[in-house]
Each structure stands twice: as C-alpha cells, then as structure tokens.
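Novice:
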Amino acid sequence: MKRRDFVKVIFSTIAVSGLGGKLKIMAGNKSSFPVAVGTWKHSKGAIEKAKVLLEKGFRAIDVVEKSINITECDPDVMSVGYGGLPNEEGVVQLDAAIMDGATLRCGAVAALEGIKTPISVARKVMETTKHIMLVGEGAKKFALANGFKEENLLTDRARERWLEWKRNLNKNDNWLSPDQYHDTIGVIILDSKGSMATGVSTSGLAWKIPGRIGDSPIVGAGSYCDNQAGGAVATGVGEEVIRVAGCHLIVELMRMGWDP
Ligand code: GLY
Numbered sequence: 000m001k002r003r004d005f006v007k008v009i010f011s012t013i014a015v016s017g018l019g020g021k022l023k024i025m026a027g028n029k030s031s032f033p034v035a036v037g038t039w040k041h042s043k044g045a046i047e048k049a050k051v052l053l054e055k056g057f058r059a060i061d062v063v064e065k066s067i068n069i070t071e072c073d074p075d076v077m078s079v080g081y082g083g084l085p086n087e088e089g090v091v092q093l094d095a096a097i098m099d100g101a102t103l104r105c106g107a108v109a110a111l112e113g114i115k116t117p118i119s120v121a122r123k124v125m126e127t128t129k130h131i132m133l134v135g136e137g138a139k140k141f142a143l144a145n146g147f148k149e150e151n152l153l154t155d156r157a158r159e160r161w162l163e164w165k166r167n168l169n170k171n172d173n174w175l176s177p178d179q180y181h182d183t184i185g186v187i188i189l190d191s192k193g194s195m196a197t198g199v200s201t202s203g204l205a206w207k208i209p210g211r212i213g214d215s216p217i218v219g220a221g222s223y224c225d226n227q228a229g230g231a232v233a234t235g236v237g238e239e240v241i242r243v244a245g246c247h248l249i250v251e252l253m254r255m256g257w258d259p
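Heads up: the sequence shown is residues 0 to 259, going by numbering that gives the first Met the number 0.
1. Where LYS50 and ALA107 are concerned, what is the direct C-alpha to C-alpha distance, given to the nearest angstrom?
2. My guess is that VAL199 and ALA96 are in contact by the Cβ rule of under 8 Å, so how many angstroms apart are they, rounded?
3. Compare the C-alpha of GLU150 against each of ARG158, ASN86, TYR81 and VAL232 and name the closest.
4. If you drop the 5 nearest sequence neighbours on each side, which residues of the same chain put their C-beta closer than 7 Å to that of LEU133?
5. Since PRO74 and LEU93 should fall inside the 8 Å C-beta cutoff, what is the C-beta to C-beta distance between them, to a whole number of angstroms?
6. Pull up the DSSP beta-bridge partners for MET255, would you.
7. Name the residue from LYS65, VAL76, LEU204 and PHE57 whose alpha carbon lies nearest to the alpha carbon of ARG122.
8. Are GLY113 and LEU153 close, meaning C-beta to C-beta below 8 Å?
9. Terminal residues of the continuous alpha helix (DSSP H) containing ASP155?
10. Could you check the C-alpha separation between ILE69 and LYS48 for me, to the nearest Å?
11. Does the distance from the C-beta atom of GLY100 to that of MET253 stay below 8 Å?
12. Would you decide whether LYS207 is buried or exposed? Buried here means 16 or more other CB atoms lie within 10 Å of its CB.
13. Any idea what DSSP makes of GLY230, helix, strand or coil?
14. Which residues mark the beginning and the end of the alpha helix (DSSP H) in which ALA138 is found?
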C-alpha cells in the first residue's frame, strides 16, 4: 500500500472534533456547545442518550460513559459489548478506553471477559487507581471487586456466526485475512462548559487470536482528547491505527491549527 493511500485509510476511519481550525470559531461562541460525535450507525442510540444528558447539564466524561453503555448493552450490535463476535475459541473479549480532556486522565481495559460494560470498568480504573490499563483476568477481578456482574456475553446469533466461521476453516488458513474490518463505537463529547471527553468500546476483530488487543484500549492510538486542542476516536482495523498512534497524531495536528 502506498503511504498516501495508507494515510487516507487511517483518516477516513477516525472521527474528529476539535477546537483547532474551523471549530476555533465555536470555542468563542458558547451557544455552539454542546457537541456529540459518534462512529457508525450503531452510535445513534448512544448519541440520542448523549443529547438528553447534555441538555440536563451532565459533564462530558459522564455523557461519554453513559452513552457508550447503550451500545454495549445492545445484543444486535455485533462488534461492541454484549452480542459482540467472539475470538477464535468462541470467547467474547472486550476492549475499551475513556479519557478526560480537562485533566488528561484516562483508563482502559483489554481482553476483558464476562462484563457487559467495559467502558464503565475503564472509568473505574481511571478514577479509583493510579493505573491506566488493566487486562484479562486482572481486569475481570477488578470489575467484580467493584460490583460489576459477570454475565454470558455470547448471544445465540454471535455463536452461530462463530460456528459458521469454524465450519469454513481450512487447515492452511492463517490470520492474514485481507478483508478484516471493524466497527468500534467511538464517542467524542464537548459539554456545555467546553470540556471534552472521548471513549471507545469494542469486541475487537472477530475470530481474533485469544489475547489480541487492537487500538481501542491504547490511549493515543484508538482515542485521545485534550481540552486545549480537540479529540479523536478511531474505528477500523486497530493494527493500522496503532502503527501511526492515530488519534494522538490527529489531536496534535489540530493543536497546530489543522482543521478537524
Ligand atoms: N478498532 C478496533 C480493533 O481493531 O479492535
């Protein structure tokens, strides 16, 4: 792939909202706040929830969490939370990250099993620990200790899709499928006080090798925000976004005045 095409792919999969470029005008005009940006059709319910919460005066960080929870709990969304497609062993492993643009505090979980709302666990990591990312068994233990409920996340529909994939496997297959794609939910919120927060949540690539982690829980790759510059969230094949630290790159370009 030529570098120019590569950059085009990366940029086309990242939702951005900034205070640089055109949106600088917005920063001087408080009536333009609040703003909510979401990725894909499946963020519609999340953004509707965001609208209600923003109108009630909730802070950006609360709105990001509560809006993403809507999509995480929707069994019909097969790339996020409950109902997400599993890894190659039929186990749903979830990744999520949340960031507060006012303080640059952030939290993340990766390869988390059995908990429907990984964005809320990520927030707990951010607010109650000195760590940023917890993975696998440790993340689950942390969630259970904080009152999250363990549930079976594999719906019948997702299980059928997994069985169909297994039936079509060939012993010569590898993990280099050219047609992998991924529909992470990413949300950027600018609240009525001008504070920003970002969040992402995903079940990661379908049929991934157990333990594979994409861009979503890696702050700077799958999401980033800073009240002084703007915010970005990514969706698509995480490996491509990690290579260029996609969201941090975009926020830094906005800081330099680039248009979102
Ligand atoms: N962008 C989500 C993933 O690759 O896992």
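Backbone N, C-alpha and C fix where the C-beta goes; we use that ideal spot for every residue, glycine too.
Specialist: Looking at the coordinates:
1. Cα atoms of LYS50 and ALA107: separation of roughly 24 Å, rounded to the nearest angstrom.
2. Contact flag correct, Cβ pair sits at about 6 Å.
3. It is TYR81 whose Cα lies nearest to the Cα of GLU150.
4. Excluding residues within five positions, the ones whose Cβ falls inside 7 Å are VAL108, VAL124 and PHE141.
5. Contact doesn't hold; Cβ gap of about 14 Å is too wide.
6. None, per the DSSP bridge assignment.
7. That would be LYS65, whose Cα lies nearest to the Cα of ARG122.
8. Using a Cβ distance threshold of 8 Å, GLY113 and LEU153 do not count as a contacting pair.
9. Here the alpha helix (DSSP H) through ASP155 covers 155-166.
10. For ILE69 and LYS48, the distance between alpha carbons rounds to 8 Å.
11. No, the pair does not count as a contact, with Cβ atoms beyond the cut-off.
12. Classification for LYS207: buried.
13. Three-state result, GLY230: strand.
14. Run containing ALA138: 135-144, per the alpha helix (DSSP H) assignment.
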